[in-house]
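Residues in the sequence shown are numbered consecutively from 1, following the UniProt record's numbering.
To keep things clear, I will list the structure first and then write my remarks on it.
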Amino acid sequence: MRVLVLGASGYVGSAVAEQLTDAGHQVVELVRPGRSGQAEQAGGRERRIGDLTDPGSLTASVTPDIDALVHLASPTGDAATDAAAVDALTAPLRGTGRAFVYTSGVWVLGATGAATADETAATDPIPIVANRPDIERRVLATGADGVRASVVRPGIVHGRGGGIPALLVELARKHGAPRIVGDEGVRWPAVHVDDLADLFVKVVGQALAGTVWHGVSEPAVPVRELAAAAGQAAGVQAEPEVWPLAEAAAELGASFAEALALDQSVSGDAAREQLGWRPQAPDAVTDLRSGSYRARS
Ligand SMILES: NC(=O)c1ccc[n+]([C@@H]2O[C@H](COP(=O)([O-])OP(=O)(O)OC[C@H]3O[C@@H](n4cnc5c(N)ncnc54)[C@H](OP(=O)(O)O)[C@@H]3O)[C@@H](O)[C@H]2O)c1
1 MRVLVLGASG YVGSAVAEQL TDAGHQVVEL VRPGRSGQAE QAGGRERRIG
51 DLTDPGSLTA SVTPDIDALV HLASPTGDAA TDAAAVDALT APLRGTGRAF
101 VYTSGVWVLG ATGAATADET AATDPIPIVA NRPDIERRVL ATGADGVRAS
151 VVRPGIVHGR GGGIPALLVE LARKHGAPRI VGDEGVRWPA VHVDDLADLF
201 VKVVGQALAG TVWHGVSEPA VPVRELAAAA GQAAGVQAEP EVWPLAEAAA
251 ELGASFAEAL ALDQSVSGDA AREQLGWRPQ APDAVTDLRS GSYRARS
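Structure (structure tokens):
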């Protein structure tokens with residue numbers, strides 16, 4: 001398939017573009033105006049110019065030769081702009097059965113409490129992702145209009161020394177002790193970026209219209225363990241310390257700090273059972289303690 005990827009220069013998007021290519025698909029990257037390469041061939045990949053803030057550029061990039069579209073660009077933060085972008089991207093796909101995969105995230109579920117949330121759980125978004133359930137609904141509704149639309153909600157992504165776990169390493173180094181935002185008992189659903197990329201390949205190839213998938217291989221990793229491992233990666237001896245939410249908010253911003261303090265348990269079993277997804281990469285604690293983060297320190 002010829003797959004248009006938005007966000008192919010990003011942390012998750014670059015891994016997805018790589019694995020789509022490895023699986024035999026032809027990746028076309030959508031890049032923002034002014035970014036390197038523009039419309040030239042880059043590493044064998046065709047590039048098209050577009051921006052989430054310019055709906056016309058998005059619709060124009062979805063030409064009839066594009067078989068599937070994966071939206072891995074970061075949201076702009078403006079609800080109307082992000083909704084208009086989805087409408088512009090899906091307009092050319094209506095009535096064609098072509099695939100559209102939208103990337104959301106597990107933060108739309110809010111705090112899960114003792115239960116483990118699967119894809120049937122109601123959304124209860126925290127402020128940083130307040131408009132995402134509406135976008136998810138918008139995307140899924142196109143399924144009734146001939147788009148093979150689906151939503152992937154990744155957990156906290158780790159691997160290749162990047163993502164939020166890299167921030168834990170940075171914080172440990174900066175403060176001289178690993179930091180746990182908010183509460184010692186917080187748990188994060190996690191997934192390795194390579195396993196997540198494999199899930200995207202499966203969703204592009206197999207998912208039915210109107211489906212939601214949790215990109216989560218570990219439902220509830222204690223952040224205390226992640227922080228301790230981040231401290232080891234940073235070469236810091238001190239034990240993890242709880243960082244009061246207000247103090248973390250002052251340094252990281254209120255909505256991001258609140259997200260880091262979110263306690264969740266989330267299941268990714270549906271993708272294993274229905275798409276044959278088999279996560280194989282190291283778990284998040286091992287990755288931090290002795291894997292890709294260690295290599296960076
Ligand atoms: N990382 C995680 O742990 C995680 C967890 C759950 C969900 N997610 C979601 O996954 C998606 C990708 O996350 P990420 O961590 O890979 O982000 P990232 O590394 O920041 O990459 C963002 C990508 O979006 C592109 N982009 C940003 N603004 C754009 C715009 N206005 N128009 C077109 N492209 C634009 C960037 O292109 P430039 O090179 O031009 O900046 C970049 O390729 C996001 O929706 C994020 O919320 C991530």
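By construction, the Cβ of each residue, glycine as well, lies at the ideal position given by its N, Cα and C atoms.
| Asked | Found |
| --- | --- |
| Please report the Cβ distance between arginine 153 and glycine 110, rounded to the nearest whole angstrom; I am assuming they are in contact, meaning their Cβ atoms lie under 8 Å. | That pair is no contact at about 12 Å. |
| With a CB to CB cut of under 6 Å and the five nearest residues on each side skipped, what residues in its chain are close to valine 212? | Glu119, Val151 |
| Between the C-alpha atoms of arginine 2 and alanine 91, what's the straight-line distance to the nearest angstrom? | 18 Å |
| Whose C-alpha, out of Glu239, Leu262, Asp67, Ala254, is nearest the C-alpha of tryptophan 107? | Leu262 |
| DSSP on proline 178, reduced to helix/strand/coil? | coil |
| Would you call the region 272-281 and the region 122-138 touching, i.e. three or more CB-CB distances under 8 Å? | no |
| Measure from the alpha carbon of valine 12 to the alpha carbon of each residue in Arg160, Val236, Thr286, then state which is nearest. | Arg160 |
| Using the Cβ count rule (16 or more neighbours within 10 Å means buried), how would you classify glutamate 239? | exposed |
| In the structure shown, what three-state DSSP assignment does glutamine 41 receive? | Because the pLDDT of glutamine 41 is 48, which lies under 50, any placement of that residue in the model is unreliable, and the question is left without a value. |
| Going by DSSP, what residues sit across from glutamate 46 in a beta bridge? | Val28 |
| Got a sec, what are the start and stop residues for the alpha helix (DSSP H) leucine 89 sits in? | 79-90 |
| Since glycine 10 contacts leucine 89 with CB under 8 Å, what's their CB separation in whole angstroms? | Contact doesn't hold; Cβ gap of about 17 Å is too wide. |
| Any heavy atom of ligand 1 inside 8 Å of the beta-carbon of aspartate 78? | no |
| Going along the chain, which residues of its own chain have a beta-carbon closer than 8 Å to the beta-carbon of proline 244, five neighbours each way excluded? | Gly182 |
| Between which two residues does the beta strand (DSSP E) holding serine 150 run? | 148-154 |
| Tell whether a beta-carbon distance below 9 Å holds between tryptophan 188 and leucine 226. | yes |
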